[in-house]
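One structure is given below, encoded as structure tokens.
Number of protein chains: 2
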Amino acid sequence: MGYSIGEVAKKTGLTTHTLRYYEKEGLLPFVRKSGSGLRVFSDNDLGWLAMIECLKDTGMPLKGIKQYIDWFSAGDATLSQRLEMFKNHKAKVQEQIKQYQNNLKKIDFKIKLYEKAVELGNLDQAIQDPAIEELRQKIYK
Amino acid sequence: MGYSIGEVAKKTGLTTHTLRYYEKEGLLPFVRKSGSGLRVFSDNDLGWLAMIECLKDTGMPLKGIKQYIDWFSAGDATLSQRLEMFKNHKAKVQEQIKQYQNNLKKIDFKIKLYEKAVELGNLDQAIQDPAIEELRQKIYK
DNA sequence: TCTTGACTTAGAGTTAACTCTAAAATTTAT
DNA sequence: ATAAATTTTAGAGTTAACTCTAAGTCAAGA
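If you read the protein sequences in the order shown, they are chains A and B. For the working numbering, add 351 to where a residue sits in the first sequence, where the first one is 1. For the working numbering, add 351 to where a residue sits in the second sequence, where the first one is 1.
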């Protein structure tokens with residue numbers, strides 16, 4: 352019914368150090384302690400860790416995640432703040448995805464360019480290549 | 352024909368401090384200096400900054416970017432390393448985008464959940480809601 | 001010319017997010 | 001019962017990427 356910090360580390364891929372650090376930062380206020388002081392993680396705590404991972408991996412700083420957890424702990428009076436936070440974060444993530452996709456085009460161009468350059472053994476000649484030039488126009492129009 | 356560090360800062364949104372820091376880290380080896388020691392950026396340097404921004408914004412550490420610049424400076428003998436680098440980075444960026452899109456689904460679910468919770472004034476009731484529960488199943492199947 | 005603002009360097013300081021250490025206590029395996 | 005592994009705390013150390021300071025030099029406008 353409960354997991355040790357080591358078990359949770361294995362499950363999540365985080366280290367035990369990082370889990371304790373998260374707790375210290377107020378990100379895991381629901382983790383229980385056994386009589387002798389060992390942390391006992393519940394499935395609910397694993398759910399919180401998954402949420403933390405989701406927000407962290409999409410670029411939210413730990414402070415922002417803590418704010419959410421604090422709002423959660425404050426109860427239903429903060430429902431609208433939490434909704435706002437998720438809406439704002441969604442917009443940021445969508446913006447991020449767009450930027451990634453745009454940058455991916457530039458990286459793709461570089462790959463085409465360097466494939467040609469490797470073929471010719473010469474970067475300058477590859478840059479001169481009409482097909483490469485046409486691609487360049489498309490991306491940096 | 353040339354831009355001062357302040358002009359480049361305005362153009363790129365970076366600070367002059369950051370531009371000098373990048374230079375110190377070996378990311379801008381082509382920037383010239385005037386007779387009296389002032390940096391003079393060329394359009395080519397702005398192109399390098401755009402490339403740096405592209406790689407940085409897609410998660411490449413400055414050390415990785417420096418490696419690319421060092422390879423570039425070494426000439427055509429390193430063409431294949433540069434091609435490899437871009438291919439590897441492309442794969443990472445694609446992986447990132449996938450993860451972002453997946454996390455976006457989770458965030459979307461939270462938005463739906465909190466919209467319902469705000470409507471009801473109660474999170475627990477929103478969690479009980481059949482439509483919400485169905486959505487949850489879809490995402491955390 | 002004077003002054004104001006931009007630029008120079010070297011180097012110190014900051015922030016976020018870990019990452020590690022040490023010494024002691026607890027738990028698990030034999 | 002004992003050895004080995006895991007966990008505890010407090011606190012120090014690390015890394016990346018800035019960010020700022022100080023003291024001096026340079027440049028443009030009145």
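All C-beta atoms in this analysis are idealised placements derived from N, C-alpha and C, irrespective of residue type, glycine included. Predicted model, so just to flag it, every value in this text is computed and none were measured.
My output table needs one value for residue i: the three-state DSSP class, helix, strand or coil.
i, result
"residue 372(B)", "helix"
"residue 392(B)", "strand"
"residue 465(A)", "helix"
"residue 438(A)", "helix"
"residue 419(B)", "helix"
"residue 332(B)", "Residue 332(B) is absent from the model: chain B starts at 352 and stops at 492."
"residue 414(B)", "helix"
"residue 492(B)", "coil"
Applying the criterion that 16 or more other CB atoms from any shown protein chain within 10 Å of the CB defines a buried residue, is residue i buried or exposed?
i, result
"residue 389(B)", "exposed"
"residue 478(A)", "exposed"
"residue 366(B)", "exposed"
"residue 463(A)", "buried"
"residue 454(A)", "buried"
"residue 416(A)", "buried"
"residue 491(B)", "exposed"
Distance, Cα to Cα, residue i vs residue j?
i, j, result
"residue 369(A)", "residue 403(A)", "12 Å"
"residue 472(B)", "residue 465(B)", "9 Å"
"residue 374(A)", "residue 457(A)", "40 Å"
"residue 393(A)", "residue 432(A)", "27 Å"
"residue 357(A)", "residue 359(B)", "50 Å"
"residue 459(B)", "residue 461(A)", "34 Å"
"residue 468(B)", "residue 355(A)", "33 Å"
"residue 361(B)", "residue 391(A)", "52 Å"
"residue 407(B)", "residue 413(B)", "7 Å"
"residue 494(B)", "residue 436(A)", "No answer is possible for residue 494(B): it lies beyond the span of chain B, which begins at 352 and ends at 492."
"residue 484(A)", "residue 398(A)", "50 Å"
"residue 411(A)", "residue 419(B)", "29 Å"
"residue 423(B)", "residue 430(B)", "8 Å"
"residue 443(A)", "residue 434(A)", "14 Å"
"residue 376(B)", "residue 384(B)", "17 Å"
"residue 452(B)", "residue 480(A)", "36 Å"
"residue 489(B)", "residue 440(A)", "21 Å"
"residue 386(B)", "residue 445(B)", "45 Å"
"residue 438(B)", "residue 382(B)", "28 Å"
Taking C-beta pairs closer than 9 Å, name the residues in chain A that residue i reaches, listed in chain order.
i, result
"residue 472(B)", "427 and 430"
"residue 454(B)", "404, 405, 406, 408, 409 and 444"
"residue 392(B)", "Neighbours of residue 392(B) on chain A: none; closest Cβ ~18 Å, over 9 Å."
Report the neighbours of residue i on chain A: residues whose CB is nearer than 7 Å to its CB, in chain order.
i, result
"residue 468(B)", "430"
"residue 440(B)", "458"
"residue 437(B)", "458, 461, 462 and 465"
Shortest alpha-carbon distance to residue i belongs to which of the options?
i, options, result
"residue 396(A)", "485(A), 488(A), 352(A) and 490(A)", "352(A)"
"residue 428(B)", "470(A), 444(A) and 411(A)", "470(A)"
"residue 409(A)", "486(A), 489(A), 447(A) and 488(A)", "447(A)"
"residue 380(A)", "476(A), 372(A) and 450(A)", "372(A)"
"residue 363(A)", "378(A), 400(A), 387(A) and 377(A)", "400(A)"
"residue 450(A)", "405(B), 476(B), 439(B) and 489(B)", "405(B)"
"residue 426(A)", "475(B), 480(B) and 487(B)", "475(B)"
"residue 421(B)", "378(B), 387(B) and 386(B)", "378(B)"
Confirm the yes/no value for this check: CB of residue i, any heavy atom of the ligand ATP, distance under 6 Å.
i, result
"residue 440(A)", "Inclusion of the ligand ATP in the displayed structure is not the case, the ligand content being empty and no account of it being possible."
Could you list which residues in chain A have their beta carbon closer than 8 Å to that of residue i, in chain order?
i, result
"residue 448(B)", "448, 451, 452 and 455"
"residue 434(B)", "462, 465, 466, 468 and 469"
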